[in-house]
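What follows is a set of notes on a single structure, which appears directly below.
Residue numbers (this note's numbering): 163 to 335.
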């Protein structure tokens with residue numbers, strides 16, 4: 163009897179669809195890129211503010227050039243302004259964690275993962291606007307506005323896959 167119930171329960175578990183696997187892999191790669199970028203900005207600006215770069219460190223040259231470019235684009239590059247930039251990268255770096263948790267939950271077909279992912283990703287998009295306005299993405303990101311497009315596209319693609327997720331609290335639905 164117990165063996166028969168086990169077989170019945172196992173037969174109800176649907177395999178993970180290929181689109182979910184692909185989205186999960188791409189989302190994890192995006193998380194890793196964002197986390198490394200956010201952490202490097204945070205630690206680099208911290209080192210620049212505290213003049214902690216060793217002589218001849220190429221990163222100091224890169225930050226000197228970037229800070230000049232930011233200043234030319236109207237960003238406050240005073241010590242206070244750089245501290246605010248550093249704080250922003252810490253906040254959005256921390257927002258990467260619930261984004262990744264949402265992806266993991268969706269991979270295991272727990273539907274609440276989408277809500278966690280979408281809210282965290284939206285916060286990741288909105289928080290920089292609060293600090294710097296629309297100039298954030300063009301000044302601090304490799305793709306600029308393209309980064310926004312990619313994040314919104316992933317929210318939409320995960321939203322399309324919601325039908326392949328289980329119930330709000332169970333991976334076996």
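Built from N, CA and C at the ideal position, the CB exists for glycine as well.
If you're wondering where the values come from, they're calculated on a predicted model, not measured in any experiment.
{"query": "Identify which residue in 180, 238, 231 has its Cα closest to the Cα of residue 293.", "result": "238"}
{"query": "Output the distance between the C-alpha atoms of residue 190 and residue 184, rounded to the nearest integer angstrom.", "result": "10 Å"}
{"query": "Nearest-angstrom Cα distance between residue 162 and residue 285?", "result": "This structure gives no information on residue 162, because the portion of the chain shown stretches from 163 to 335."}
{"query": "Around the C-beta of residue 220, are 16 or more other C-beta atoms found within 10 angstroms, so that it is buried, or is it exposed?", "result": "exposed"}
{"query": "Output the residue ranges of the alpha helix (DSSP H) runs that lie fully inside the segment 201 to 287 and measure 4 residues or longer, sorted by chain position.", "result": "220 to 234, 241 to 269"}
{"query": "What three-state label does DSSP hand residue 297 in the structure shown?", "result": "helix"}
{"query": "For residue 303, does the three-state DSSP call read helix, strand or coil?", "result": "coil"}
{"query": "Roughly how far, in whole angstroms, is the beta-carbon of residue 225 from the beta-carbon of residue 206, given that I think they are within contact range, below 8 Å?", "result": "5 Å"}
{"query": "When the Cβ atoms of the segment 192 to 208 are set against those of the segment 250 to 265, are three or more pairs found closer than 8 Å?", "result": "yes"}
{"query": "Spatial neighbours of residue 232 within its chain, please: CB distance less than 6 Å, with the 5 preceding and 5 following residues excluded, ordered by chain position.", "result": "239, 301"}
{"query": "Helix or strand or just coil, what does DSSP make of residue 327?", "result": "coil"}
{"query": "Is it true that the CB of residue 280 sits closer than 8 Å to the CB of residue 317?", "result": "yes"}
{"query": "Between residue 291 and residue 298, what straight-line distance do the alpha-carbon atoms span, to the nearest angstrom?", "result": "7 Å"}
{"query": "Going by Cα to Cα distance, which pick from 179, 255, 212, 268 is closest to residue 245?", "result": "212"}
{"query": "I'd like to know whether the C-beta atoms of residue 328 and residue 272 end up nearer to each other than 8 Å.", "result": "yes"}
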